[in-house]
Amino acid sequence: MSIPSIGGYAGKFLRVDLSNEKLSDLKLGEDVLRDHIGGASLGAKILYDEVSPTIKWSDPSNKMILASGPLGGTSFPGTGTISIVTKGALTGGAASSQANGLFGAYLKFSGYDGLIIQGAAERWLYLKIEQDSAELVEAEHLLGKGTYETCELLQKEQNKHERELSTITIGPAGENLCRFAGLFERKGHSSSKNGPGATLGSKKLKAITVSRGDLRVPVKYPERFNQLANQVREKASKLMGTIGSVYDLQKSGQGVLPVKNYTTNIWNISEEELERFKGSNIRERYDPRPNPCWACPATHSTMMTIPDGPYGGMEVEEPEYEQLAAWGPQIDNRDVDSAAMLSGVCDRLGFDNNEMGWMIGWLMECYERGLLTRDQLNGLEMSWGNVNAAREMMYMIAYREGIGDLLAEGIMRASQEIGGEAAKAAIYTLKGNAPRGHDHRTRWGEMFDTIVSNTGTLENHVSISGQPPFSSWAGHPDEVSDGEAITKGVMLLNDSLGNCRFPTGLDLTLFTDTLNAVTGWDYSEEEANNVGLRAVNLMKVFNLRAGIDRELDAPSERYGSTPVDGPNKGIGIKPVLEPMLRNYYRLMGWDEETSEPLPETLKSLDLGYLIKDL
Numbered sequence: 055m056s057i058p059s060i061g062g063y064a065g066k067f068l069r070v071d072l073s074n075e076k077l078s079d080l081k082l083g084e085d086v087l088r089d090h091i092g093g094a095s096l097g098a099k100i101l102y103d104e105v106s107p108t109i110k111w112s113d114p115s116n117k118m119i120l121a122s123g124p125l126g127g128t129s130f131p132g133t134g135t136i137s138i139v140t141k142g143a144l145t146g147g148a149a150s151s152q153a154n155g156l157f158g159a160y161l162k163f164s165g166y167d168g169l170i171i172q173g174a175a176e177r178w179l180y181l182k183i184e185q186d187s188a189e190l191v192e193a194e195h196l197l198g199k200g201t202y203e204t205c206e207l208l209q210k211e212q213n214k215h216e217r218e219l220s221t222i223t224i225g226p227a228g229e230n231l232c233r234f235a236g237l238f239e240r241k242g243h244s245s246s247k248n249g250p251g252a253t254l255g256s257k258k259l260k261a262i263t264v265s266r267g268d269l270r271v272p273v274k275y276p277e278r279f280n281q282l283a284n285q286v287r288e289k290a291s292k293l294m295g296t297i298g299s300v301y302d303l304q305k306s307g308q309g310v311l312p313v314k315n316y317t318t319n320i321w322n323i324s325e326e327e328l329e330r331f332k333g334s335n336i337r338e339r340y341d342p343r344p345n346p347c348w349a350c351p352a353t354h355s356t357m358m359t360i361p362d363g364p365y366g367g368m369e370v371e372e373p374e375y376e377q378l379a380a381w382g383p384q385i386d387n388r389d390v391d392s393a394a395m396l397s398g399v400c401d402r403l404g405f406d407n408n409e410m411g412w413m414i415g416w417l418m419e420c421y422e423r424g425l426l427t428r429d430q431l432n433g434l435e436m437s438w439g440n441v442n443a444a445r446e447m448m449y450m451i452a453y454r455e456g457i458g459d460l461l462a463e464g465i466m467r468a469s470q471e472i473g474g475e476a477a478k479a480a481i482y483t484l485k486g487n488a489p490r491g492h493d494h495r496t497r498w499g500e501m502f503d504t505i506v507s508n509t510g511t512l513e514n515h516v517s518i519s520g521q522p523p524f525s526s527w528a529g530h531p532d533e534v535s536d537g538e539a540i541t542k543g544v545m546l547l548n549d550s551l552g553n554c555r556f557p558t559g560l561d562l563t564l565f566t567d568t569l570n571a572v573t574g575w576d577y578s579e580e581e582a583n584n585v586g587l588r589a590v591n592l593m594k595v596f597n598l599r600a601g602i603d604r605e606l607d608a609p610s611e612r613y614g615s616t617p618v619d620g621p622n623k624g625i626g627i628k629p630v631l632e633p634m635l636r637n638y639y640r641l642m643g644w645d646e647e648t649s650e651p652l653p654e655t656l657k658s659l660d661l662g663y664l665i666k667d668l
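Following this line, the structure appears as structure tokens:
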């Protein structure tokens with residue numbers, strides 16, 4: 055059956071061969087789309103089929119898949135999302151990360167469901183996409199430019215205003231192959247987990263631009279689809295984002311904030327200082343300018359300007375919780391203006407805020423304890439809360455200056471190279487990626503997901519895996535591992551549809567109904583969830599073949615440490631981790647000793663062809 059007979063698709067991918075500077079169209083059959091839909095699952099399928107798991111992430115034969123899904127570019131709220139899949143620079147395994155904004159929608163409006171980037175150019179280029187056409191353009195003039203400046207230069211070069219052109223760019227971090235460099239859509243929408251910016255930098259592709267075309271995404275059953283979209287739109291209109299969550303979590307007393315690199319679970323901040331982290335206070339002070347994602351009425355996506363003080367006049371994308379957590383409690387900085395400034399600098403240089411926050415916090419602890427000297431740290435006084443030193447260190451890492459050359463390899467490799475007590479203080483998984491921005495020693499559901507994930511970031515979410523009868527909290531090992539396995543698949547399904555999870559939550563019934571309404575297919579909820587489970591198992595087998603075995607499903611010493619204070623003092627995950635893993639593998643249909651998916655599991659997901667590879 056041909057693609058036009060179903061809704062939700064433009065009908066083709068664009069294959070970009072950078073080594074030969076050639077572009078070609080690729081059409082996928084309905085059987086492949088029915089099994090993998092789009093986004094993360096389709097990206098995992100292409101990665102598995104076309105990339106050897108044994109190559110280095112920087113090898114020209116590595117590929118990057120950027121894909122929307124069947125909801126992309128429709129009237130459904132938040133459907134500008136793009137999923138990026140590649141062989142990751144931090145773990146050496148599969149990487150799957152998403153950015154919201156406009157790119158996924160504009161790609162569909164220009165006639166493409168996704169891109170496959172392969173090879174490596176001999177000169178710096180950017181990819182320019184317009185409706186049903188694309189070309190590679192020389193990009194030497196963009197080198198050394200940050201993500202914000204690159205975005206603005208490309209808009210000017212193409213004579214487009216900011217809502218007419220979506221850009222994905224890398225910053226200096228990506229150009230210099232820093233392993234935790236990300237991709238940035240229109241300045242601050244970041245897809246940065248597991249180093250996709252480094253992968254694009256290795257291919258000498260500085261940016262991708264896509265103009266807003268006038269094609270429309272076909273919807274098979276528009277009346278039902280619009281009913282579902284309107285329900286979600288009403289919910290989305292009330293969303294305020296996570297900008298105030300540092301304040302909220304500190305007030306909760308749950309011990310969820312990351313404080314001083316996990317050396318404590320208690321942030322000693324005054325009430326006056328904490329009030330400035332309150333979401334309403336930040337918005338009132340920073341005069342936000344709406345910058346919504348596609349078709350979304352939520353008010354959290356804005357551009358802000360720091361009004362005065364040493365950073366006055368600096369434009370930043372509205373920092374979400376994880377940016378303010380990284381540049382607030384994690385480095386013991388109690389000034390919200392400087393936290394916003396560091397978030398903006400991190401985005402401009404093109405880094406993942408999470409990994410950089412853990413990196414700077416680790417350096418500060420090492421400096422305070424005398425494990426690293428000022429001379430070793432390029433002359434910087436990396437004391438707790440020293441935001442100017444943090445900013446300078448970010449630049450040194452981006453340009454690989456002095457110790458920055460080692461730190462650009464990521465926190466796991468840098469800490470292992472330095473060794474000794476410093477190595478014991480670093481926060482990461484043994485696969486090589488750093489976690490998201492909470493103290494997971496309290497939030498076991500997120501820690502457990504992070505260490506078993508195949509993507510280099512979260513593969514599940516505590517909003518479903520932690521709901522009763524399951525749990526996400528410390529001290530509940532059975533409920534945590536049960537929830538992780540039994541709800542697995544929904545988040546990867548979401549990442550395959552082409553929509554942001556903020557407006558929808560992780561609602562399998564909603565996803566299934568909407569998928570059927572847009573495509574005309576007749577998925578059951580089990581069939582829809584299997585799309586996510588196929589992605590999980592494809593990436594799991596890819597990673598096993600890449601050498602990422604069961605022993606690497608584990609936290610570093612500090613990441614898995616037992617809190618010395620706070621509400622979960624003395625409650626650690628290490629003593630119960632092995633039975634949690636065994637329970638998880640069993641429920642997933644994987645071998646408890648090796649973590650390999652069992653043949654019957656793969657066959658049940660129509661992945662029997664993977665059995666021979668194991």
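Per this note's numbering, the very first residue in the sequence shown carries number 55; after that it's consecutive.
Here a beta-carbon is modelled for each residue, glycine too, at the ideal position from N, C-alpha and C.
Everything numeric in this text was worked out from a predicted model, so none of it was measured.
- DSSP places R217 outside both helix and strand once states are collapsed to three, so it counts as coil.
- One thing to note: G537 has its Cβ within 8 Å of the Cβ of G520.
- The Cβ atoms of L82 and L68 lie no closer than 8 Å to each other.
- Just measuring C-alpha positions, the residue of L661, G398, H243 and D567 sitting nearest L125 is D567.
- Runs of the alpha helix (DSSP H) spanning 4 or more residues and lying entirely within the region 457-523 occur at 458-461, 465-472, 474-478, 498-506 and 516-519, in chain order.
- DSSP places F405 in the strand class (E or B) of the three-state scheme.
- Across the structure, M634 and D532 are spaced so that their CA atoms are roughly 7 Å apart.
- Shown here for A452: same chain residues with a beta carbon closer than 6 Å to its own, the five before and five after excluded, namely P226, A227 and L403 in chain order.
- Using a Cβ distance threshold of 8 Å, G236 and S245 count as a contacting pair.
- Nearest to Y639 by C-alpha distance, out of T483, S578 and V534, is V534.
- V139 has I119 and S150 as its beta-bridge partners, per DSSP.
- Taking the CA atoms as reference points, G559 sits about 30 Å from Y202.
- Looking at the backbone, the Cα of E580 and that of G643 are separated by about 16 Å.
- For L282, same chain residues with a beta-carbon under 8 Å away, outside a window of 5 residues either side, are F130, L564, D567, T568 and A571 in chain order.
- Taking 8 Å as the upper bound for CB-CB distance, A159 and G127 are in contact here, some 4 Å apart.
- Between the region 259-279 and the region 180-194 there are three or more C-beta pairs closer than 8 Å, enough to call the two in contact.
- When beta bridges are read from the DSSP output, M357 appears opposite R343 and E371.
- Every alpha helix (DSSP H) stretch that sits fully inside the region 64-94 and reaches 4 residues is listed by chain position as 84-90.
- For the pair L80 and L96, the Cα-to-Cα distance works out to about 13 Å.
- The region 100-110 makes contact with the region 139-155: 3 or more CB pairs, one atom from each, lie closer than 8 Å.
- Classified as buried, Y301 has 16 or more neighbouring CB atoms from the shown chains inside 10 Å of its CB.
- The criterion of a C-beta distance shorter than 8 Å is not satisfied by A476 and C400.
- In the three-state DSSP reduction, Y160 falls in the helix class (H, G or I).
- For the pair I472 and Y613, the CB atoms are not nearer than the 8 Å cut-off.
- Residues of the same chain with a CB within less than 8 Å of the CB of L606, apart from the 5 flanking positions on each side, are T483, L484 and K485 in chain order.
- Pairing Q377 with V590, the inter-Cα distance amounts to about 27 Å.
- Counted as a single uninterrupted DSSP element, the alpha helix (DSSP H) harbouring T566 occupies residues L562 to T573.
- G510 has its alpha-carbon roughly 11 Å from the corresponding atom of T140.
- Counting along the chain, E647 sits inside no beta strand (DSSP E), nor does DSSP assign it H or E at all.
- For I602, the closest alpha carbon among the candidates G242, P651, N508 and G474 is that of N508.
- Looking from the CA of G439, the closest CA among F405, Q308 and V390 belongs to V390.
- Residue range L179 to E184 is occupied by the beta strand (DSSP E) that includes K182.
- Runs of the alpha helix (DSSP H) lying entirely within the region 235-289 and spanning at least 4 residues, in chain order: 250-256.
- In the DSSP secondary-structure assignment, I222 is bridged to E239 and I262.
- For I170, the uninterrupted beta strand (DSSP E) run begins and ends at G168 to Q172, by DSSP.
- Residue pairing from DSSP places L190 in a beta bridge opposite L181.
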